[in-house]
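> If you scroll down you'll find the structure; I have some questions about it.
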Amino acid sequence: MPTAAAAGLPRWLTGTDPVRRAIYIFGMVPAVWYFYLGLTDQLGADPQNVLERALGLWALRFLIAGLAITPLRRLGGPNLIRYRRAIGLMAFCYAALHLTVYMVLDQGLDLWAIIGDIIKRPYITVGMLAFLILVPLAITSNSAMIRRLSGGAWQKLHRWVYAAAAAAAIHFIMLVKVWPAEPLIYAALVAILLLFRFGAYLQKRQKPRTVRAASRPDRQRVASPD
554 MPTAAAAGLP
564 RWLTGTDPVR
574 RAIYIFGMVP
584 AVWYFYLGLT
594 DQLGADPQNV
604 LERALGLWAL
614 RFLIAGLAIT
624 PLRRLGGPNL
634 IRYRRAIGLM
644 AFCYAALHLT
654 VYMVLDQGLD
664 LWAIIGDIIK
674 RPYITVGMLA
684 FLILVPLAIT
694 SNSAMIRRLS
704 GGAWQKLHRW
714 VYAAAAAAAI
724 HFIMLVKVWP
734 AEPLIYAALV
744 AILLLFRFGA
754 YLQKRQKPRT
764 VRAASRPDRQ
774 RVASPD
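Below is the structure:
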């Protein structure tokens with residue numbers, strides 16, 4: 554009987570980690586469900602808008618979930634670092650679907666209309682910025698690129714995910730155009746994660762200074778004569 558790999562299935566589906574496999578498989582359930590509702594005319598009077606917003610919202614949810622992994626670990630929660638790339642790829646997948654629905658169903662692949670929207674509508678400008686930030690992050694989310702981008706370059710590049718999440722949250726608020734609780738809740742979550750990351754950055758910078766300051770008296774005592 555041929556193995557799954559021999560049958561030509563993708564590597565992410567035939568990997569040995571069942572949790573990562575589950576993230577990819579079950580992570581696509583909302584998209585499949587919403588497309589099914591759209592195809593069966595169950596998304597209401599404006600199905601394109603409902604589908605577009607749902608996909609964008611799931612992209613933001615996956616972005617927040619990925620950013621929350623490090624704070625959870627530092628606060629004593631489970632260590633889910635190994636699954637952060639899978640969650641990030643799901644965020645990009647939903648963002649790409651969100652953009653595709655906008656370009657195909659909303660704008661009918663009219664390139665000039667899309668460019669005009671990006672220029673004239675600030676919320677679309679911000680949303681496109683978020684997506685463009687995610688593109689290089691998704692492209693480099695594999696082991697080969699991690700090895701190639703050595704010397705901390707990969708980590709520095711992927712810190713841009715915070716900017717993408719902030720832009721996505723702002724895009725959501727601007728899209729709604731009023732002040733309901735939902736977009737503000739997501740924006741608050743992103744803000745908390747950004748503050749946590751900034752606090753960790755300040756703590757990391759302060760630590761070497763503290764170590765150097767503590768070591769100076771010892772060096773002076775060694776150097777001074779009896």
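If you use the working numbering, the sequence shown corresponds to residues 554 to 779, in order. Glycine included, every Cβ here is placed at the ideal spot set by N, Cα and C.
If we ignore side chains and look at the alpha-carbon of each, how far apart do Arg606 and Leu682 end up?
If you take the alpha carbons of Arg606 and Leu682, they lie about 17 Å apart.
> Cα separation between Ala720 and Tyr587?
In a straight line, the C-alpha of Ala720 is about 24 Å away from that of Tyr587.
> Taking the alpha helix (DSSP H) that Lys673 falls in, what are its first and last residues?
Element bounds for Lys673: 664 to 673.
> Please classify Asp659: does DSSP put it in a helix, a strand, or coil?
Note: Asp659 maps to helix in three-state DSSP.
> Is Asn695 helix, strand or coil when you go by DSSP?
Coil at Asn695, not helix or strand.
> Are the CB atoms of Ala612 and His651 nearer to each other than 8 Å?
In this structure, His651 lies closer than 8 Å to Ala612 by Cβ.
> Just mark Pro736 as buried or exposed, buried being the case when its beta carbon has 16 or more other beta carbons within 10 Å.
Per the 10 Å Cβ criterion, buried.
> To the nearest angstrom, report how far apart Leu664 and Pro733 are at their CA atoms.
If I take the Cα positions, the gap works out to 32 Å.
> Can you tell me where the alpha helix (DSSP H) holding Trp713 begins and where it ends?
From DSSP, Trp713 is part of no alpha helix (DSSP H); its letter is neither H nor E.
> Which same chain residues, not among the five before or five after Asn632, have their C-beta less than 8 Å away from its C-beta?
Around Asn632: Arg626.
> Would you mind sorting Gly661 into buried or exposed? The rule is 16 or more other CB atoms within 10 Å of its CB.
Gly661 should be labelled exposed.
> Whose C-alpha, out of Ala644, Ile622, Gly641, is nearest the C-alpha of Ile634?
The residue with the shortest Cα to Cα distance from Ile634 is Ile622.
> Given a threshold of 16 other Cβ atoms within 10 Å of its Cβ, counted over all protein chains shown, does Leu592 qualify as buried or as exposed?
The residue is exposed, with fewer than 16 neighbouring Cβ atoms inside 10 Å.
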